[in-house]
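Shown next, in structure tokens, is the structure this report addresses.
Chains as they are written, first to last, in the working numbering: chain A, 737 to 850; chain B, 94 to 204.
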């Protein structure tokens, strides 16, 4: 049983395209997150949603739009992809919205923009 | 904003030796400090954490120490094993809505 799953695992696309990454958690958690990990392994939080409501929105270009159809799913849509968007994107979930709640990470989606 | 520095960036030890990774933070309001382990091709996994009202916490072979005055915290792994090889990240959290990660330490345990 996969706790936090992401699709696709790998995504290669050209500049200017629009793409989506999907995330699902079966832990019954209320809060979900998106993180970006760049080529130097630097990890940065992008968004968090609690019960479908956006609660953290770091300084991220508005080309990135998260969508949470229900509390078990948090998708990330990226418009007009740029070379600098190439990274590994991790989804995570936690029991509640406190950042001190243990977060469970998905396996990551490696996005390569050419 | 918060700034978290992590050292060293790479660390190589012999199996059985101890490994220590250090992080410093800039904002004294930070009050929660988790450590994550990321194995190759996987997402980070919480291994231990410490809150600002505690100076030390231990869980089997791993321990974390926190010096609030100096604003630094460290991860200690004793009796290292090859399966401890991974990238380790520290983080500092303030006000439950501000989370900053260190740049990571690649630990290699040689058998």
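For every residue, glycine included, the Cβ atom is placed at its ideal position computed from N, Cα and C.
Does residue i have its Cβ less than 9 angstroms from a Cβ in chain A?
i	result
residue 109(B)	no
residue 135(B)	yes
residue 186(B)	yes
residue 122(B)	no
residue 112(B)	no
residue 197(B)	yes
Can you list, in chain order, the residues of its chain with a C-beta nearer than 8 angstroms to that of residue i? Leave out the 5 residues immediately preceding and following it.
i	result
residue 775(A)	822, 823
residue 747(A)	755, 757, 845, 846, 847, 848
Could you check whether the Cβ of residue i sits closer than 9 angstroms to any Cβ belonging to chain C?
i	result
residue 153(B)	No chain C appears in the structure shown, which is made up of the protein chains A and B.
Apart from the five residues just before and just after residue i, which ones in its own chain have a Cβ nearer than 7 angstroms to its Cβ?
i	result
residue 109(B)	172, 173
residue 177(B)	170, 200, 202
residue 801(A)	813
Among the residues of its own chain, which have a CB less than 6 angstroms from the CB of residue i, if the five just before and after it don't count?
i	result
residue 870(A)	Residue numbering for chain A in the displayed model covers 737 to 850; residue 870(A) lies beyond these limits and cannot be assessed.
residue 186(B)	125, 192
residue 96(B)	119
Under a CB-based cut-off of 9 angstroms, is residue i close to chain B?
i	result
residue 744(A)	no
Problem set entry | Against chain B: residues of the stretch 791–818 of chain A by CB proximity under 8 angstroms | 791, 792
Exercise. Three or more C-beta pairs closer than 8 angstroms, one from the stretch 827–835 of chain A and one from the stretch 759–776 of chain A: is that the case here?
Worked result: yes
Exercise. When Cβ atoms are compared, which residues of the stretch 771–792 of chain A fall closer than 9 angstroms to chain B?
Worked result: 771, 773, 776, 777, 778, 779, 780, 781, 784, 791, 792
Exercise. Which residues, taken in chain order from the stretch 164–194 of chain B, show a beta carbon closer than 7 angstroms to some beta carbon of chain A?
Worked result: 180, 182, 186, 189, 190, 192, 194
Exercise. Touching or not, the stretch 805–815 of chain A and the stretch 158–165 of chain B, by the rule of three or more beta carbon pairs under 8 angstroms?
Worked result: no
Exercise. Touch check for the stretch 121–135 of chain B and the stretch 143–158 of chain B: three-plus C-beta pairs under 8 angstroms?
Worked result: yes
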